[in-house]
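Visitor: Dumping the structure here so I can ask a few things about it.
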Ligand code: ADE
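This is the structure we're talking about:
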């Protein structure tokens, strides 16, 4: 069983995806569990404030330490071994190899920052800093979904059938799987390669291998 606890101010941005398709099936099959912690509940003062201006000046607001530490500690009180993932453009670029390393019997806490950033001291709580690429998003919610999806689909039993596992060995993130086609064999003059219609499994395997591409 893999478990993700998502600490966010915007649960409503994340939850519908996790209730759809394969992520939903993973929970239905008891292979994954997703739950949420509302960072606002740990906010300070009457306005439940979670952010403040940066020391030294500058634009924007930063997530404060107190609510983040309290939220993470509330989860760790129940599950001390849970590991913390922080989506941030300053992290290591996410890839299939890391997704595979994290796919297992584990509990991950994903902290979704918002605003312009976070107080640096928050990093003392973090096990994995993850970047989704060299661009900047407004918050950690989309990265959280990508991280969850890419890990959860690797949990045995989440994708149905042996076929998926077989394709997976080709599609390892660097090697992108071969082109595929379904019916009709001729669509507006665009024909499916003959070899795929031949029924010759040896030739088909060779064709697929030679058409497996390297990711750019
Ligand atoms: N938060 C904002 N931009 C991000 C990115 N590129 N990757 C991960 N987290 C982010």
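Residue numbers (our numbering): 539 to 754.
The beta carbon of each residue, even a glycine, is placed where N, CA and C say it ideally should be.
Just so you know, these numbers come straight off a predicted model, no measurement behind them.
Would residue 648 and residue 682 qualify as a contact pair, given that the criterion is a beta-carbon distance under 8 angstroms?
Guide: Closer than 8 angstroms, so yes.
Visitor: Does any heavy atom of the ligand ADE sit closer than 7 angstroms to the C-beta of residue 688?
Guide: No - the ligand ADE has no heavy atom lying nearer than 7 angstroms to the Cβ of residue 688.
Visitor: Alpha carbon to alpha carbon, how far is residue 703 from residue 650?
Guide: Because the pLDDT at residue 703 is just 49, under 50, the model does not fix this residue reliably, and the value given afterwards should be weighed accordingly. Computed Cα separation, rounded: 31 angstroms.
Visitor: Measuring alpha carbon to alpha carbon, tell me which residue in 748, 551, 597, 604 is nearest residue 662.
Guide: Comparing Cα positions, the closest option is 604.
Visitor: What is the residue span of the beta strand (DSSP E) that residue 693 lies within?
Guide: Note, residue 693: premise wrong, no beta strand (DSSP E); not H, not E.
Visitor: CB of residue 629 to nearest heavy atom of the ligand ADE: below 7 angstroms?
Guide: Answer for residue 629: yes, Cβ within range of the ligand ADE.
Visitor: Can you give me the Cβ contacts of residue 731 inside the same chain, cut-off strictly under 6 angstroms, excluding the 5 residues immediately before and after it?
Guide: Counting only Cβ-Cβ distances below 6 angstroms, and skipping sequence neighbours, we find nothing.
Visitor: May I ask you to check if the CB of residue 626 is nearer than 7 angstroms to at least one heavy atom of the ligand ADE?
Guide: Under cutoff, so the answer is yes.
Visitor: Return yes when the Cβ of residue 722 is within less than 8 angstroms of the Cβ of residue 669, no when it is not.
Guide: Not in contact: residue 669 and residue 722 (Cβ atoms no closer than 8 angstroms).
Visitor: Return helix, strand or coil for residue 555, following the three-state DSSP convention.
Guide: Correct three-state label for residue 555: helix.
Visitor: Quick check: the Cα distance between residue 689 and residue 638, rounded to an integer number of angstroms?
Guide: Cα to Cα, the separation comes out at about 7 angstroms.
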